[in-house]
Structure formats: structure tokens, C-alpha cells
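Here the protein sequences come in this chain order: A and B.
When the letters of the first sequence are read in order and numbered with this note's numbering, they come out as residues 136 to 248.
When the letters of the second sequence are read in order and numbered with this note's numbering, they come out as residues 5 to 117.
Quick notes on the structure that follows.
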Amino acid sequence: GNSVTQMEGPVTLSEEAFLTINCTYTATGYPSLFWYVQYPGEGLQLLLKATKADDKGSNKGFEATYRKETTSFHLEKGSVQVSDSAVYFCALSRATGGFKTIFGAGTRLFVKA
Amino acid sequence: KAGVTQTPRYLIKTRGQQVTLSCSPISGHRSVSWYQQTPGQGLQFLFEYFSETQRNKGNFPGRFSGRQFSNSRSEMNVSTLELGDSALYLCASSLGGGLGEQYFGPGTRLTVT
């Protein structure tokens, strides 16, 4: 079946450090891949997406590349800020007769000033 | 455009009672999905509705049900509440097209005592 595996958190970084959050997936066919972010007390927000192999999604300095050969969609940011502290979810979605988005367990990021 | 709204934001119920949660999607969005979020299980898909029809369902007991109205607003109902139903219930809307990106509401925090 379809599944998403993310690196376990929490991840603690100092401001301006480089961020990588690993995400791998298992899916039949060609899913769309997403990163969502959840700030404390809020719902999830779409951060970026990629819909086919080698696509790079980017937003707010975050990037992720759809790697079909390694079934991965790792999230990266060159220089994190305190305001990036949140929980990050990797997800996949396949549009076959409706959507059933599968989320990873989430990775909590703490950024220290 | 107004975002996804969910009511109520907080709810406290007693075991055995039933509860109805409401979700109003972004104008023009025809797909509404529901998720349960708990610290132990993460984000779990409940069901997805499109044009008043349930298109996908997750692995939850029959006590969890939903419906969608002609204006795309959706409700979910949980009957015979159990302590384990305490969670954040998130609603997400999308156009219903091929990419699967979703827009989430702030959630309803349900506490069962």
C-alpha cells in the first residue's frame, strides 16, 4: 500500500543553520508529493508540492525535489529562522477516483536564536 | 477569498454522547476531506466527499460518518463517543482536480471525558 516515512524529530537547530528533513514514500503509480507545515495551535498549511519526477517545489526558501529513483522528497532550507519552528509533514496523494492523502508522522523543528 | 472554517473550535463531550462538527470549504472547492490528528497516531484520513458523494474512506469504525451538502459544506458525526476519540479534527478542501493539494481549516479540538 501507499505510505510515507519521515525522519523522527525533534530536530533542533541554531538560527541560520542548514535544514534537511528526510522523506521517503511507497506508492503505486505516480503520486503527487507535498510538504505541509503546522504552526502551534493551527491547521496545516501547504508549503510546497511536486507532481512528477524531477520536479522541484519551492516556497519561502524551502525546497524539495521529487526523486522517483530513490522514492524520496527531502525538504531543505539553506538558513533557518526562529519563525520556522513548527511541525513539518510530508504527504502523498493519488487522484484515482478521489483523493486519499497519506501523511508522514511529522517532524518537529525547533530553531534556537 | 475566505479560508476553510470549522465550527466549533473546541468541544467537550462525555463518553457515549454524539457530536457533529462542521466545515465550510473555500468558495469554489468541491472536495472536502476530514482527518483525525492525535499525538500517538498522527494524521489519519477519515473520508473525502466530492459533490455530495463520499469518494474515499479511511479505516475508522462506522461510528464516524459524514455528509456533504449541495453548497459543499460538510459535517462529520461521531456517535457513542469513546475516550480515544479525543483529538483534533481537521477539515481540508480542494478543487477536487488532479493535484490533490489541500487547504486546511484550524481544526476542532474534541475532548471526551
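Yeah, the Cβ is synthetic: ideal placement off N, Cα and C, and Gly gets one too.
None of the values given here were measured: they were computed from a predicted structure.
Figure out for me which residue from the options has the closest Cα to the Cα of residue i.
| i | options | result |
| --- | --- | --- |
| A:Gly239 | A:Ser228, A:Val246, A:Lys247 and A:Phe245 | A:Ser228 |
| A:Leu183 | A:Val217, A:Thr205 and A:Glu211 | A:Glu211 |
| A:Glu204 | A:Ala188, A:Ser193 and A:Ser214 | A:Ala188 |
| B:Leu100 | B:Gly32, B:Gly111, B:Leu25 and B:Phe108 | The residue you asked about is not Leu; residue 100 of chain B is Gly in the sequence shown. Closest by alpha carbon: B:Gly32. |
| A:Val139 | A:Thr242, A:Val246 and A:Lys247 | A:Thr242 |
| A:Thr200 | A:Trp170, A:Ser218 and A:Phe224 | A:Trp170 |
| A:Gly196 | A:Leu179, A:Ser218, A:Phe208 and A:Ser214 | A:Ser214 |
| B:Tyr39 | B:Gly70, B:Gly7 and B:Glu56 | B:Gly70 |
| A:Pro166 | B:Glu105, B:Leu15, B:Val82 and B:Gln48 | B:Glu105 |
| A:Glu198 | A:Glu150, A:Thr147, A:Ala248 and A:Cys158 | A:Cys158 |
So, for residue i: in the same chain, excluding its five sequence neighbours on each side, which residues have a beta-carbon less than 8 Å away from its beta-carbon?
| i | result |
| --- | --- |
| B:Arg19 | Leu85, Glu86, Leu87, Val116 and Thr117 |
| B:Ser90 | Thr42, Leu114, Thr115 and Val116 |
| A:Pro145 | Thr242, Arg243, Leu244 and Phe245 |
| A:Glu143 | Ala240 and Thr242 |
Kindly indicate if chain A contains any beta-carbon less than 8 Å away from that of residue i.
| i | result |
| --- | --- |
| B:Phe120 | Because chain B here runs from 5 to 117, residue 120 of chain B falls outside it and cannot be looked at. |
| B:Gly111 | yes |
Skipping 5 residues on each side, what residues in its chain have a beta carbon closer than 7 Å to that of residue i?
| i | result |
| --- | --- |
| A:Ala221 | Val172, Gln173, Tyr174 and Leu244 |
| A:Gln180 | Tyr171 and Val172 |
| B:Lys61 | Phe51 |
| A:Gln216 | Glu150 and Val246 |
List the residues of chain A that residue i touches, going by C-beta distances under 8 Å, in chain order.
| i | result |
| --- | --- |
| B:Leu94 | Gly178 and Leu179 |
What in chain A is Cβ-close to residue i, meaning under 9 Å?
| i | result |
| --- | --- |
| B:Phe108 | Tyr171, Gln173, Glu177, Gly178, Leu179, Gln180 and Leu181 |
| B:Gly46 | Phe224, Phe238, Gly239, Ala240 and Gly241 |
Which residues does DSSP pair with residue i in a beta bridge?
| i | result |
| --- | --- |
| B:Ser26 | B:Thr11 and B:Glu79 |
| B:Leu94 | B:Tyr39 |
| A:Ser193 | A:Glu198 |
| A:Lys187 | Answer is none; A:Lys187 lacks a bridge partner. |
| B:Gln21 | None, per the DSSP bridge assignment. |
| A:Val215 | Looking at the DSSP assignment, A:Val215 forms no beta bridge with any residue, so it has no partner. |
Ordered along the chain, which non-local residues of its own chain (more than five positions away) have a Cβ less than 6 Å from that of residue i?
| i | result |
| --- | --- |
| B:Thr24 | Glu79 and Asn81 |
| A:Ala162 | Asn137 and Leu227 |
| A:Tyr160 | Val139, Thr206 and Leu227 |
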